[in-house]
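One structure is given below, encoded as structure tokens.
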Amino acid sequence: MPDTAPASWEARAESSSFYGFTDLPSVKARGTVVITHGEGPYVIDTNGRRYLDGNSGLWNMVAGFDHAGLTEAAKAQYDRFPGYHAFFGRMSDQTVMLSEKLIEVSPYERGRVFYTNSGSEANDTLVKMLWFLARAEDQPRRRKILTRKNAYHGVTAVSASMTGKPYNELFGLPLPDFIHLTCPHYWREGRPGETEAQFTARMAAELEEVIAREGAETIAGFFAEPVMGAGGAIPPSAGYFQAIQPILKKHGIPLISDEVICGFGRTGHVWGCETYDFVPDAIISSKALTAGYFPMGAVILGPDLADRLHRASEAVEEFPHGFTASGHPVGCAIALKAIDVILNEGLLENVRRLTPLFEEGMNRLAENPNIGEFRGKGLMGALEAVADKPTKTPFPSTLSVSERIANTCTDHGLICRPLGQSIVLCPPFILTEGQMDEMFTKLEAALGEVFAGLGAEA
Ligand code: PMP
């Protein structure tokens, strides 16, 4: 008999893993949750504890964690043809079918699709496409990329440069030529006495000023999430896209909709740009594209960019870019099934049906004197904690309020995400009303405990 107990899963994880996006002191204090499997919207850890995953994994597991149709689609494709690429004029039949399907469900009558393994790579790819196009069209100075503060576009060097988060300074990023405009969050960024319409007009004026300052001929594109996800589920101020798109159009600057989170139903329509009533020049998709059952991203080019890029790569030079697993047949077969499940098995309908209940539950919790704002769209939303509601004063960051709330939720069997001073929920689309109730009951209990604890500390 060994005289030492076998190491726990937590200990094994902690001695063998280098953690990303993880607060290590908190892991040290609380241990790592090692998940073995899932059932519907729940995940189960090595200790047999069940958690309702109010975050759909990372916004992606929209069909839950055990959808038989999706795993069957994967198995069937593994049996047919388990892997291929999309280089040198070869690609799998599944890749062709998925591109046709993506164009069919896109806002475009025609277009072209390029595949990656992730959302970050899809953003990187489109930036490289725009740079490639600028040189091919003899406008080599068109290199600058506009995004917004608080935006999240990924972690690779280019997509991290697009991401408007201060932590990128830790890497010496952003790279030159990445410019971050004001986050269009009226509740936080609006000035005293400013109406929402005035705020939106100010966002548009800022864009005009930046274009005038930098020179339109130096700007390659403007990337925006319809609802900012990892910024804290922040919808744009009313009329934002209608205000900025004409300015971009006037200056020949493509508007790119980063739909990695919003795409495939999260906001109640297939695309966030549909929800906000604008047609971008291209769409970045990932996450729900495969319902999280395969790592995949896609760049969906609208007709203008598709034609110009195709011309450039035909007339000037091939586009020297691609990933080994671009257009992977198993990923494409899963994406085809995921799109079918979301559109034809009632998932999108369920998002629409549950949205009023979700809003009702969130609004009820927002009555708490320490919740300053509920914001969101469809099945994504955030509650922002405040120390003082009338003045919107945040808690000192040293108190880690949102982390405390999220940890307390975990103790109650609910996974939700702390983002800044907010708690974000974006449950799977398969949620039932009973599971929605469970989510709010657990979150309400956690909010009560944490705010009472903070009161006692103060
Ligand atoms: N864009 C958005 C809007 C995202 O939310 C994310 C990931 N959360 C990304 C891009 C990056 O995707 P990935 O993590 O797959 O690289």
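Per the working numbering, the very first residue in the sequence shown carries number 351; after that it's consecutive. Cβ atoms here follow ideal geometry from the backbone N, Cα and C, with glycine treated the same way.
query	result
Cα-Cα separation between Gly565 and Glu558, rounded to whole angstroms	10 Å
Span of the alpha helix (DSSP H) around Glu364	359-366
Buried or exposed by the 16-neighbour rule on C-beta atoms within 10 Å, applied to Tyr369	exposed
DSSP-derived helix/strand/coil call for Phe572	strand
Alpha-carbon to alpha-carbon, Leu374 and Glu364	10 Å
beta-carbon Ile611 near the ligand PMP non-hydrogen atom, thresh 6 Å	yes
Contacts around Arg440, its chain only, beta-carbon distance under 8 Å, and the 5 residues preceding and following it disregarded	Tyr434
Status (buried if at least 16 other CB within 10 Å, exposed otherwise) for Lys792	buried
Bridge partner(s) assigned by DSSP for Tyr392	Glu389, Leu402
Separation of Ala806 from Val560, as counted between CA atoms	47 Å
Continuous beta strand (DSSP E) stretch holding Val463: start and end	462-466
Helix, strand or coil at Ser291 [DSSP, three-state]	The requested residue 291 does not occur in the structure, where the chain is confined to residues 351 to 808.
Stretch-stretch touch, CB-based, cutoff 8 Å, three pairs: the segment 717-730 with the segment 452-471	no
6 Å CB neighbourhood of Gly711 in its chain, flanking five on each side removed	Phe790
Reduced DSSP category for His535 - H, G, I as helix; E, B as strand; rest coil	coil
His530 (DSSP reduced to helix, strand or coil)	strand
Under 7 Å between C-beta atoms of Ala638 and Val412	yes
Inside the segment 676-754 only - beta strand (DSSP E) runs reaching at least 3 residues	721-727, 730-735
Beta-carbon spacing of Gly784, Phe437 below 7 Å	no
His503 beta carbon near the ligand SAM (any heavy atom closer than 6 Å)	The ligand SAM is not among the ligands present in this structure, which contains only the ligand PMP.
Lys494 - containing beta strand (DSSP E), residue span	494-498
Nearest to Val383 (by Cα), restricted to the options Arg400, Arg491, Glu389	Arg400
One or two residues paired with Pro356 in a DSSP bridge	Note: Pro356 sits in no beta bridge, so no partner.
Candidates Leu402, Gly414, Pro526, Glu624: closest to Leu697 by CA position	Gly414
For Arg563 and Leu769, the rounded distance between their alpha carbons	33 Å
Where Lys727 falls, given that 16 or more other Cβ within 10 Å makes a residue buried	buried
Distance CB(Ala796)-CB(His762) smaller than 7 Å	yes
Assigned exposure category for Arg616 - 16 Cβ within 10 Å defines buried	buried
Proximity test, Cβ basis, 7 Å: Val649 and chain B	Absent from the structure is chain B; it holds one protein chain and no more.
Among Asp608, Leu448, Asp527, the one whose alpha carbon lies nearest that of Val629	Asp608
Which residues DSSP lists as bridging Ile650, in chain order	Val463, Ile633
Cβ-Cβ distance between Glu794 and Leu715 below 7 Å	yes
Among Ser772, Thr741, Lys742, Thr743, the one whose alpha carbon lies nearest that of Ile755	Ser772
Any non-hydrogen atom of the ligand PMP closer than 6 Å to Asp403 Cβ	no
Check: Gly582 C-beta below 6 Å from any heavy atom of the ligand PMP	no
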